[in-house]
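Numbering (this note's numbering), first residue to last: 96 to 465.
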């Protein structure tokens with residue numbers, strides 16, 4: 096009798112364990128990851144504090160609803176380069192990683208994948224995923240071009256929007272309003288101006304690093320440093336025109352009307368000349384290894400401040416440049432070519448039209464134009 100009881104007890108324990116395991120398997124929640132010369136410092140003039148009051152709604156022209164700029168899918172991405180054909184009033188898109196780029200003997204022709212006509216002439220470009228943002232200074236507007244869907248939204252922003260940057264850290268656009276003497280914060284999905292910062296002179300170029308925005312001022316010797324709702328005007332001893340912030344935090348800038356390339360150190364407040372080798376410096380780009388590159392209008396080349404320093408002739412009047420991996424693409428305005436450079440030599444050319452300016456790099460979920 097005792098043996099029967101023990102066998103019945105063992106059977107009950109076994110059934111309970113099986114039933115409990117089944118119940119746990121059925122009710123346990125499933126977790127899913129969610130994508131995730133010595134300088135002086137002046138104080139800003141009255142009215143330079145960040146204004147939090149939203150600006151009234153801008154005039155908007157739209158072809159169709161635009162997808163969110165902050166929604167991305169990272170699988171099967173295709174990388175393209177976008178160049179502003181300013182005089183032609185359009186964007187040209189091509190894929191730099193074609194088979195001819197790796198040819199060892201000579202450069203090759205890289206075909207245009209897609210062209211997008213715009214309502215106004217494009218100047219500077221910014222991009223996130225497959226969306227390109229375009230400034231139209233003469234028209235007082237910017238455009239949002241979603242290359243994946245084909246939608247184009249154009250909105251009045253400020254009075255003379257010049258430079259435009261997208262900051263991944265805040266998921267916002269920052270725009271210099273030249274004649275309006277303001278720095279604008281813009282919603283990348285709606286193109287509505289969210290905040291403004293008044294500046295003591297016309298802002299030209301900008302760079303965003305963390306919560307700091309550096310801005311050049313037309314014809315002034317100072318840089319504007321905008322952070323936390325405050326503006327600090329910092330004298331540099333130069334005439335900052337275009338700028339970039341290197342990985343060590345120093346601000347490289349070209350100078351208005353001067354064939355000089357300067358480097359400003361925010362830690363010491365001092366400005367020194369960059370190494371020689373650039374006749375007429377203009378626009379910048381950072382290589383993946385952190386090296387600073389600049390377009391040299393006077394030398395018809397781009398110059399990399401690498402070890403050793405390298406200069407590559409690309410053609411007359413090179414403007415903006417951008418890196419795709421270890422390949423740098425430069426918009427050569429005089430020849431109307433987008434020139435690709437790798438390992439110190441030209442490896443590809445895309446024939447466009449004279450009058451090129453901005454360059455941006457995009458990623459989309461699949462091939463364009465198919």
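For every residue, glycine included, the Cβ atom is placed at its ideal position computed from N, Cα and C.
_Reference residue 204; option with closest CA among 191, 291, 260, 327_ = 191
_Between the CA atoms of residue 398 and residue 39 - distance to the nearest angstrom_ = Residue 39 lies beyond the range of the chain shown here (96 to 465); nothing can be said about it.
*Could you give the C-beta distance for residue 304 and residue 320, rounded to a whole number, given that I count them as a contact under 8 Å?*
With 8 Å as the limit, residue 304 and residue 320 do not qualify as a contact, their Cβ atoms being about 10 Å apart.
*Rounded straight-line distance, which links the Cα of residue 451 to that of residue 182*: 7 Å
*Considering residue 309, what are the terminal residues of the beta strand (DSSP E) in which it resides?*
307 to 312
*Report whether the distance from the Cβ of residue 443 to the nearest heavy atom of the ligand NAD is below 7 Å.*
Ligands displayed in this structure: none; no statement on the ligand NAD is therefore possible.
*Contained beta strand (DSSP E) runs [length at least 3] in the segment 363 to 393, N- to C-terminal order*: 365 to 368, 376 to 381, 387 to 391
*Quick one: is residue 430 buried, meaning 16 or more other Cβ sit within 10 Å of its Cβ, or exposed?*
buried
_Residues that residue 360 bridges to, as DSSP identifies them_ = 365
*Nearest neighbour of residue 456, chosen from 171, 172, 176 [CA to CA]*: 176
_Using 8 Å for Cβ pairs, my map puts residue 441 next to residue 407. What's the rounded Cβ distance?_
7 Å
*Taking just the CA atoms, how far does residue 345 sit from residue 222?*
24 Å
*Does the beta-carbon of residue 325 have 16 or more other beta-carbons within 10 angstroms, so that it is buried, or is it exposed?*
exposed
_Backbone CA spacing between residue 179 and residue 432 [nearest angstrom]_ = 11 Å
_Under the three-state DSSP convention, the category residue 256 falls into_ = strand
_Exposure of residue 462, with buried meaning 16 or more beta-carbon neighbours within 10 Å_ = exposed
*To the nearest angstrom, how far is it from the Cα of residue 291 to the Cα of residue 375?*
33 Å
_I'd like to check one pair, residue 188 with residue 242: are the Cβ atoms closer than 8 Å?_
yes
*Where does residue 232 sit, in a helix, a strand or coil, going by DSSP?*
helix
*Hey, out of 296, 274, 236, 329, whose CA is closest to residue 361's CA?*
329
_Contacting residues, own chain, Cβ-Cβ under 7 Å from residue 464 (five flanking each side not counted)_ = 208, 209
*Give the DSSP-derived three-state secondary structure of residue 444 in the structure shown.*
strand
*Anticipated Cβ contact below 8 Å, residue 310 with residue 286, distance rounded*: 20 Å between Cβ atoms; not a contact.
*Using a threshold of 8 Å, state whether the C-beta atoms of residue 256 and residue 240 are closer than that.*
no
*Exposure label - residue 219; buried when at least 16 CB within 10 Å*: buried
*If you drop the 5 nearest sequence neighbours on each side, which residues of the same chain put their C-beta closer than 8 Å to that of residue 172?*
458, 459, 460
*In three-state DSSP terms, what is residue 189?*
strand
*Just list the beta strand (DSSP E) runs in the segment 262 to 345, keeping only unbroken ones of 3 residues or longer that don't cross its boundaries, in chain order.*
267 to 272, 277 to 281, 288 to 293, 298 to 304, 307 to 312, 317 to 322, 325 to 330, 335 to 340
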